[in-house]
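Asks:
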Amino acid sequence: MNIFLNLVFVCTLSFYSFATFGVSVQDIEQEFKQRSMDDAGFESMLNLEAMGLEIFNSEDLSDQIRARGALTACRAKNFRGEYLPVSRAERKIEFHEGSQHCKKGIKLLEQDLGEPKNSEDREVLADLYFWYTTVFGRWFEDESKFSALKYWKNEVKPILESLIEQMEMGKMLGWGPYRALGRAYYSIPAGKSKSLRFMKKAYMKSRSKTFKVSVYPLNTVYYAESLIAKGKAEEAKVILEKTLTLAEDEEKLRALNAEAEKLYGDYRWFETLHEIEMCREVLQSLK
160 MNIFLNLVFV CTLSFYSFAT FGVSVQDIEQ EFKQRSMDDA GFESMLNLEA MGLEIFNSED
220 LSDQIRARGA LTACRAKNFR GEYLPVSRAE RKIEFHEGSQ HCKKGIKLLE QDLGEPKNSE
280 DREVLADLYF WYTTVFGRWF EDESKFSALK YWKNEVKPIL ESLIEQMEMG KMLGWGPYRA
340 LGRAYYSIPA GKSKSLRFMK KAYMKSRSKT FKVSVYPLNT VYYAESLIAK GKAEEAKVIL
400 EKTLTLAEDE EKLRALNAEA EKLYGDYRWF ETLHEIEMCR EVLQSLK
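First residue of the sequence shown: 160, per our numbering; consecutive thereafter.
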């Protein structure tokens, strides 16, 4: 089986129990499903992060369970990074810390780039890489030119370009690394052409077969921004308007969201609504 065949089926977790902590994977997933964008919701994510890190730091557990703990901590940080009502600089800290949690989990399971030490860890490693590239990309995407170039050489290019190479060779599937690399190129001088190339791939690979738009409106936003940066505003309008027209029909939007949830392995209705508003803002900026 392709070692990253299930890359996009992130967080479709098996039913290991974190018995030492009196909590199961199902409990953690239920907590994520019930999250909310208020003080209580943001606080619950801190609790989940702490729980995940406690699991990760418990050396009496298997490496796979410890890596799942790191993944839990990353996902909690990602939610706070996306929705905390604070400055972008403060939210970037959440993204950066989340990506580092994932990196620790990857280190536990990985033998070589994308290759697990044990075959039974393949799906978990794929989940970790999906989240690492996604969350790292969210942190990196608006770095200053100086910082972008600094991190590009040491962190972004070696990891993400190696992942892209594996994807091109058919060793792994999915769109996460494409989007992360597309947004990374968007941040560096003279990177807009490559940003557009990678964002187009991310958009196309996440496109609904039924509705012909990305199941993740955020991919539409980023693809549109890359198009605009290259002077292709009319093309950007087309994909934005197509997504927004679909969103006017709640039944269709919920069907699109259901496709995303199947791939994402997570409840994301309010994320979808938030990303639709982002589409609307980008389109409005073109008028």
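Positions of the beta carbon are idealized from the N, C-alpha and C atoms, including for glycine.
1. Give every residue of the same chain whose Cβ lies closer than 8 Å to the Cβ of M204, excluding the five residues on either side of it in the sequence, and list them in chain order.
2. Would you call A343 buried or exposed, if buried means 16 or more other Cβ atoms sit within 10 Å of its Cβ?
3. Could you work out which residue in K396, E430, D197 is closest to E384 when comparing CA atoms only?
4. Quick one: Cα of W296 to Cα of S346, how far?
5. Could you check what DSSP says for R427 in three-state terms: helix, strand or coil?
6. Please find out if some non-hydrogen atom of the ligand SAM comes closer than 6 Å to the beta-carbon of K446.
7. Since T404 contacts A339 with CB under 8 Å, what's their CB separation in whole angstroms?
8. Around the C-beta of P348, are 16 or more other C-beta atoms found within 10 angstroms, so that it is buried, or is it exposed?
9. Out of curiosity, what's the CA-to-CA distance linking R356 and R250?
10. Quick check on the DSSP output: the alpha helix (DSSP H) that includes D222 runs from which residue to which?
11. Would you mind working out which of A392, H255, F299, F215 sits nearest K266, comparing C-alpha positions?
12. Just the Cα atoms here: how many angstroms apart are E300 and A388?
13. So who's on the other strand from P275, going by DSSP bridges?
14. Going by DSSP in three states, R194 sits in which element: helix, strand or coil?
15. Going by the CB atoms, is the gap between E420 and R413 shorter than 7 Å?
16. Short check: CB of W290 to CB of F254, under 7 Å?
17. Here's the rule I'm using: 16 or more other beta-carbon atoms within 10 Å means buried, otherwise exposed. How should G257 be labelled?
18. Flag this pair as yes or no: are the beta carbons of A209 and K263 separated by less than 7 Å?
19. Is V380 near E418, with beta carbons less than 7 Å apart?
20. If the criterion is Cβ atoms closer than 7 Å, does the pair L212 and A226 meet it?
21. Among S352, K351, P317, which has the Cα closest to the Cα of P336?
22. Hey, D198 and L268 are a contact pair by Cβ (cut 8 Å); roughly how many whole angstroms apart?
23. Taking the alpha carbon of H433 as the point to measure from, which residue in L243, R281, I398 has its own alpha carbon closest?
24. Put S365 into one of helix, strand or coil per three-state DSSP.
Replies: Reading it off the structure:
1. What you label residue 204 is simply residue 45 of the sequence shown in a count that begins at 1. Cβ neighbours of M204 beyond the five flanking positions: R194, A235, K236, F238, R239.
2. For this step, residue 343 is matched to residue 184 along the sequence shown. A343 should be labelled buried.
3. For the purposes of this step, residue 384 is identified with residue 225 of the sequence shown, where counting begins at 1. That would be K396, whose Cα lies nearest to the Cα of E384.
4. Working through the sequence shown from its first residue, we reach residue 296 at position 137. Working through the sequence shown from its first residue, we reach residue 346 at position 187. Sequence inspection shows Gly at residue 296; the Trp mentioned does not correspond to that position. Roughly 10 Å between the two C-alpha positions.
5. The count along the sequence shown starts at 1 and reaches residue 427 at position 268. Note: R427 maps to coil in three-state DSSP.
6. Only the bare structure without any ligand can be found here, which leaves the ligand SAM out of the picture.
7. Locating residue 404 in the sequence shown gives position 245, counting from the first residue. Locating residue 339 in the sequence shown gives position 180, counting from the first residue. Not confirmed; about 28 Å, so no contact.
8. Along the sequence shown, one-based indexing puts residue 348 at 189. Classification for P348: exposed.
9. For the purposes of this step, residue 356 is taken as residue 197 along the sequence shown, with counting starting at 1. For the purposes of this step, residue 250 is taken as residue 91 along the sequence shown, with counting starting at 1. Cα to Cα, the separation comes out at about 27 Å.
10. Counting from one through the sequence shown, the residue named residue 222 turns up at place 63. First-last of the alpha helix (DSSP H) with D222: 222-242.
11. Translated into positions along the sequence shown, residue 266 becomes position 107. Minimum Cα distance to K266 is reached at F215.
12. Against the sequence shown, residue 300 aligns to sequence position 141. Against the sequence shown, residue 388 aligns to sequence position 229. C-alpha separation (whole angstroms): 14 Å.
13. Looking up residue 275 in the sequence shown gives position 116. Paired residue(s): E269.
14. The count along the sequence shown starts at 1 and reaches residue 194 at position 35. Note: R194 maps to coil in three-state DSSP.
15. Numbered from its first residue, the sequence shown carries residue 413 at position 254. Numbered from its first residue, the sequence shown carries residue 420 at position 261. Contact flag unset, no.
16. Numbered from its first residue, the sequence shown carries residue 290 at position 131. Numbered from its first residue, the sequence shown carries residue 254 at position 95. No, the Cβ-Cβ distance between W290 and F254 is not below 7 Å.
17. The residue labelled residue 257 in the question sits at position 98 within the sequence shown. Buried, since its Cβ has 16 or more Cβ neighbours within 10 Å.
18. Sequence index remark: in the sequence shown, residue 209 carries index 50 (1-based). Sequence index remark: in the sequence shown, residue 263 carries index 104 (1-based). It is not a contact, given that the beta carbons lie outside the stated cut-off.
19. Here residue 380 is taken as the residue at index 221 of the sequence shown, counted from 1. Here residue 418 is taken as the residue at index 259 of the sequence shown, counted from 1. Result no, Cβ atoms of V380 and E418 do not sit closer than 7 Å.
20. The residue given as residue 212 occupies position 53 in the sequence shown. The residue given as residue 226 occupies position 67 in the sequence shown. No, the Cβ-Cβ distance between L212 and A226 is not below 7 Å.
21. The residue you call residue 336 lines up with position 177 of the sequence shown. Among S352, K351, P317, the Cα nearest to that of P336 belongs to P317.
22. For this step, residue 198 is matched to residue 39 along the sequence shown. For this step, residue 268 is matched to residue 109 along the sequence shown. Not confirmed; about 35 Å, so no contact.
23. Reading the sequence shown from its first residue, position 274 is the one you call residue 433. Nearest option by C-alpha distance: L243.
24. For the purposes of this step, residue 365 is taken as residue 206 along the sequence shown, with counting starting at 1. S365 falls in the coil class under three-state DSSP.
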